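Worksheet: one structure, shown below.
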Amino acid sequence: MEIFRNMWRRKFRTFLTIFGIVIGIFAFTVMGSMALKLNKMIDGGKRYITGQITISPKGADYMSGTSGMLPVDLLNKIKDVEGVQAVEGGVSLMLDEPDPDDPTAGMSFGEPASIYSFDPNSNFVNKNWQTMDMKEGKLIDASSEKNDISIGINVATDKKWNVGDTVKIRDKDFDVVGIFEKTMTGPDQYVFMNVEVARELFVEQNPFLKSLQEKSDEAAKISEKELSTLPESSRQQIVDAKSFKVEDVSTTASISWKDGVDPEAVVGRIKDQFKTDVIVYSPKEMGEMIDKASATMNAVILGSAMLALIVGLFSIINTMVMSISERTKEIGIKKAIGASPRSIALEYTLEAGVIGLLGGAIGLGLGWLVATIINNMMASKGAEIFLLEPSFMIGVIVFSFVIGIVAGVIPAMRAAKLKVVEAVREL
Amino acid sequence: MNKVIVKAKNINKSYKMSKKNIVKALRGVDIEVKKGDFSAIIGPSGCGKSTLMHILGLLDKPDEGTLEIDGIDMISLPEKKAYRMRAKKIGFIFQGFNLIPTLTALENVVLAGKYGGMTKPKRIRRAKELLSMLGLKDRVNHKPTELSGGQQQRVAIARALMNDPSIILADEPTGELDTKTSMEIMDILKKLNREGKTFLIVTHNMEVANACKKRIRLLDGKND
Chain A
1486 MEIFRNMWRR KFRTFLTIFG IVIGIFAFTV MGSMALKLNK MIDGGKRYIT GQITISPKGA
1546 DYMSGTSGML PVDLLNKIKD VEGVQAVEGG VSLMLDEPDP DDPTAGMSFG EPASIYSFDP
1606 NSNFVNKNWQ TMDMKEGKLI DASSEKNDIS IGINVATDKK WNVGDTVKIR DKDFDVVGIF
1666 EKTMTGPDQY VFMNVEVARE LFVEQNPFLK SLQEKSDEAA KISEKELSTL PESSRQQIVD
1726 AKSFKVEDVS TTASISWKDG VDPEAVVGRI KDQFKTDVIV YSPKEMGEMI DKASATMNAV
1786 ILGSAMLALI VGLFSIINTM VMSISERTKE IGIKKAIGAS PRSIALEYTL EAGVIGLLGG
1846 AIGLGLGWLV ATIINNMMAS KGAEIFLLEP SFMIGVIVFS FVIGIVAGVI PAMRAAKLKV
1906 VEAVREL
Chain B
54 MNKVIVKAKN INKSYKMSKK NIVKALRGVD IEVKKGDFSA IIGPSGCGKS TLMHILGLLD
114 KPDEGTLEID GIDMISLPEK KAYRMRAKKI GFIFQGFNLI PTLTALENVV LAGKYGGMTK
174 PKRIRRAKEL LSMLGLKDRV NHKPTELSGG QQQRVAIARA LMNDPSIILA DEPTGELDTK
234 TSMEIMDILK KLNREGKTFL IVTHNMEVAN ACKKRIRLLD GKND
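Protein chains in written order, with the numbering used here: chain A, 1486 to 1912; chain B, 54 to 277.
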């Protein structure tokens, strides 16, 4: 009670000090919860990416999304590499076609809503991510119809799609058979789709592949008899056109390794044999790369929040030092009537702790409010950028109290060491 | 024969003001206070009265000499025990009342009980009793700024009595009070003395000194 009265004595100064802490803890809450969300997403991605060997065509950039093609023949050859259990080729593309009049409209924080191709006939198994927890319905499998899809919670919320709905994706009809539980990572934004249908959509959106397919379809109409009547040069073009098959279209492939085999050894063998054709991403390298990126990101985010906190910390130290020099007489009285240095130190440390705690509670409250409002605004787009876990919020409160205590220790020690006789001379 | 409460022998204390300027505040002062005494330390300004009171009140240590309170050697007492000893054995009344401005009269008195190791219910009960005894029953929840000088000094007396100390040291207890209120305060102190309390009053006010049963005179840091 006395602590609050002492704080109330200099209302404006206490307010300014608390305000300093509020800003620090607000920044810490907002940036910390943003870091938590990003880390959660990154962890999910890391779990997935380190559970398989990923390959992309030479010249493609896995990170930037620049794609090329992986021929089926090549994938079949990789299947024969020692230690490889299965190879699954696939395509990935955005769920919504970019609006030609506003191509940046679909851009958002985090992962955009995407189509994740799934081959029900493949033996491929990601070692870390074998199934999805379902909120409703089921995950598409070998028994599903080609146009069945299972969707992430953010896609379901954003598009207002429910299990049993027939929905339109890039002008094709699909039946929603399942919605995943919230994962807080990539799959919340995914539509799991049969790879054959996904390839058709991929070809449809790619002018070059679309033209090849049209030529192939045209060529298919020409009978062997008609073909034989054509001149050699035209005949060759039609044979080439006929050779294009949609099932050949793979922009990326996932490889699983046999049980008990060292995946890095498998990576080494694929690199040795196919280094002119593909880029191989080893689980270990990808894990390290992700760790490095997330460490840098965390350092930047938390570093700036810490900076704000340090400012708050010094404002408490300043307030407490001033407060103690103003209260020298009072400390003298207390010591004269029997207060021990320990009880004096405890009293002032606690006062600083309470300032930290109050600032922390208000800062956390504001941070929570802002994060929740922004999350709610972004939820419909599946781009929640803050993760406010109870353990984090409790941690912030405890941390703000500790910050106050730490800031109060030096001034409190000064108060405790104050020579009674010197303080008493002021009496 | 009354028990000796305070026995100080050959108390010396110097203050180093600068490298070459050392002020000898006390030079071999002897003092003895017995239970039930109502004594005054008198002397002109700068004679060492306050320094002696600080030493007797365990607020400072002498450079040389011995000090016993209730038969306990206070010079070799570790710092930790000195605080508890000060809380339990010594009561202070200051010239400027020295109440904590943010606390009520009751809380100011209770604080002494807290440092003296009393339980919360006991210290609240005793503080109320003392304030009632000193005529402040209806002022317990008032802050010092809401009390007159005489009332503030009565709160300070209650605070000094809180832990039933062996001796009460009063430094110019009427220094900031008008004549009428000074007499009232001295009457209270005398009444408490009649009830068995031991007082050692530092003053340069001869009226106050004359009201005391015994006078100890200091001059230039020595017993006169």
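We treat Cβ as the ideally placed atom computed from N, Cα and C, and that holds for glycine.
Predicted, not measured: the structure shown is a model, and the values here were computed from it.
Is Thr157/B close to chain A? Criterion is C-beta to C-beta, closer than 8 Å.
no
Name, in chain order, the residues that DSSP records as bridge partners for Ser235/B.
In DSSP, Ser235/B forms no bridge with anything.
Proximal residues to Gly1550/A (C-beta, below 6 Å), its chain only, five neighbours per side dropped
Note on Gly1550/A: pLDDT 49, under 50, position unreliable in the model; no value is reported.
Taking Cβ positions only, does Gly1823/A come closer than 8 Å to chain B?
yes
Is the segment 1486–1506 of chain A in contact with the segment 1766–1774 of chain A, if contact means three or more CB pairs nearer than 8 Å?
no
Give the secondary structure of Ile153/B by DSSP, where H, G and I count as helix, E and B as strand, and everything else as coil.
coil
Pick out the complete alpha helix (DSSP H) segments inside the segment 1556–1580 of chain A, 4 residues or longer, and give them in chain order.
1557–1564
If you draw a straight line from the C-alpha of Thr1804/A to the C-alpha of Val1839/A, how long is it?
13 Å
Taking only the alpha-carbon atoms, compute the straight-line gap between Asn258/B and Ser67/B and give it to the nearest angstrom.
26 Å
Only counting the same chain, and skipping five residues up and downstream in sequence, which positions put a Cβ closer than 8 Å to that of Asn1611/A?
Tyr1533, Gly1536, Gln1537, Ser1739, Ser1741
Counting only beta-carbon separations shorter than 8 Å, does Arg1490/A have a partner in chain B?
yes
Return the bridge partner residues of Thr1737/A from the DSSP annotation.
Gly1575/A
Using beta-carbon positions only, say whether Arg1720/A and Glu1689/A come within less than 8 Å of one another.
no
Contacting positions in the segment 1832–1859 of chain A - beta carbon closer than 7 Å to chain B
none
Let me confirm a value: Met70/B is counted as buried when at least 16 other C-beta atoms fall within 10 Å, else exposed. Which label applies?
exposed
Does Leu164/B come within less than 8 Å of chain A when only Cβ atoms are used?
yes
To the nearest angstrom, how far is it from the Cα of Met127/B to the Cα of Tyr168/B?
19 Å
I'd like the list of long-range same chain contacts for Leu159/B, defined as Cβ closer than 6 Å, with 5 residues on each side in sequence excluded.
Ala180, Val193
Considering only residues of the segment 1806–1852 of chain A, which uninterrupted alpha helix (DSSP H) runs meet the minimum length of 4 residues and lie entirely inside it, listed in chain order?
1813–1821
Does the beta-carbon distance from Gly110/B to Leu222/B come in below 8 Å?
yes
Is it buried or exposed for Pro1748/A, if we count other Cβ within 10 angstroms and need 16 for buried?
buried
Run of the beta strand (DSSP E) containing Pro1542/A, from where it starts to where it stops:
1538–1542
State buried or exposed for Ala1780/A, treating a residue as buried only when at least 16 other CB atoms are found within 10 Å of its CB.
exposed
Across the segment 1519–1532 of chain A and the segment 1867–1887 of chain A, are there enough close Cβ pairs to call them in contact, namely three or more that are closer than 8 Å?
yes
Proximal chain B residues relative to Glu1815/A, where beta-carbon distance stays under 7 Å
Ile153
Give the residues of chain A in contact with Gly169/B, contact being defined as C-beta atoms less than 7 Å apart.
Gly1823
Using a beta-carbon distance below 8 Å, is Ile1870/A in contact with chain B?
no
Taking the CB atoms as reference points, tell me whether Asn1647/A and Val1661/A lie closer together than 8 Å.
yes
Range covered by the beta strand (DSSP E) that runs through Thr1514/A
It is not in any beta strand (DSSP E) - Thr1514/A instead sits in the alpha helix (DSSP H) that spans 1496–1534.
Between Thr1502/A and Leu1849/A, which are expected to be in contact by the criterion C-beta below 8 Å, what is the C-beta distance as a whole number of angstroms?
Not a contact, Cβ separation roughly 17 Å.
Are the Cβ atoms of Ser1635/A and Pro1605/A separated by less than 8 Å?
no
Where does Gly1550/A fall in DSSP's three states?
At Gly1550/A the pLDDT is 49, less than 50, meaning the model places this residue with poor confidence and gives no usable figure here.
Does the CB of Val1640/A have a neighbour CB from chain B at under 8 Å?
no
Counting only runs of 4+ residues fully inside the segment 1577–1657 of chain A, write out the alpha helix (DSSP H) ranges in chain order.
1638–1644
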